[in-house]
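Step one of this worksheet: look at the structure below.
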Amino acid sequence: KCLFAQTRLQALGHVVDKDGIALDPEKICAVREFPRPPANATNAQKIKHVRSVIGLCSYYRRFISNFAKIAKPLHDLMKQGKSFCWGEEQEGSFNALKERLIEATQLAYPDYGKPFDIHPDACEYGIGAAVVQKTGEGERTVAFASRLLSATESNYSITEKEYLAL
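Residue numbers (this note's numbering): 25 to 190.
Right, here's the structure in full:
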């Protein structure tokens, strides 16, 4: 099935138009209704559920500023040898990820003829950056990137972590 001369395209959970790339509103409805792990499930089932939540959210991570920092409490639930404990921190992380996806901004197309600005951020256990470009209407976000730090990297000073984020 082919469509020609379209001004808007919905594909792979994204909406692509002349202004940039946004999340598909139909997919975001699924995020809004995504349940927390069932209390009566086994630890293995709960971990599988959390893994699916993180997988879904990771697919859209370039739309979420500081994704790794927000998702860390959920990642920690999946560590080997740790007991599964869904507390306030995990609930906050779960709700923050859902909220950030629901309110995700449209990402602009990069204009390789203009300079990019990179805004790094770092904390104790993660780094992130926002890639933006200035336009006539102000700054437009091109992408967000983030990740958790390794054990060695977490010993870096905050300045070194921000350099690493670049």
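Yeah, the Cβ is synthetic: ideal placement off N, Cα and C, and Gly gets one too.
Predicted model, so just to flag it, every value in this text is computed and none were measured.
The alpha carbon of Asp48 has as its nearest neighbour, out of Gly37, His99, Val55, the alpha carbon of Gly37. Taking a 10 Å sphere around the C-beta of Asn90, we find 16 or more other C-beta atoms and assign the residue as buried. Relative to the Cα of Leu131, the nearest Cα in the group Pro144, Val40, Gln114 belongs to Val40. Excluding residues up to 5 positions away in sequence, Thr129, Leu131, Ala132, Ala154, Val155, Val156 lie with their Cβ nearer than 8 Å to the Cβ of Thr165 in the same chain. Contact annotation, Leu98 with Phe118: C-beta distance approximately 7 Å; criterion of less than 8 Å satisfied. Here the segment 168-178 makes contact with the segment 142-150; the two share three or more CB pairs at distances below 8 Å. DSSP, reduced to helix, strand and coil, places Ser181 outside both helices and strands of the structure shown, so it counts as coil. Here Arg85 is buried, its C-beta having at least 16 other C-beta atoms within 10 Å. Between the alpha carbons of Gly111 and Ala63 lies a gap of roughly 12 Å.
In this structure, the alpha-carbon of Ser107 lies about 53 Å from that of Phe28. For Arg164, no alpha helix (DSSP H) run applies; the uninterrupted beta strand (DSSP E) run containing it begins and ends at 162-172, by DSSP.
Assigned with DSSP and collapsed to three states, Gln114 falls in helix. Inclusion of Pro59 and Lys70 in the CB contact set at 8 Å is not warranted, their separation being larger than that value.
Ranked by how close their Cα comes to the Cα of Pro139, the residues Ile88, Lys158, Ala189, Gln104 have Lys158 in first place. In the three-state reduction of the DSSP assignment, Gln69 falls in the helix class.
Distance between Gly152 and Thr183, taken at the CA atoms: about 13 Å.
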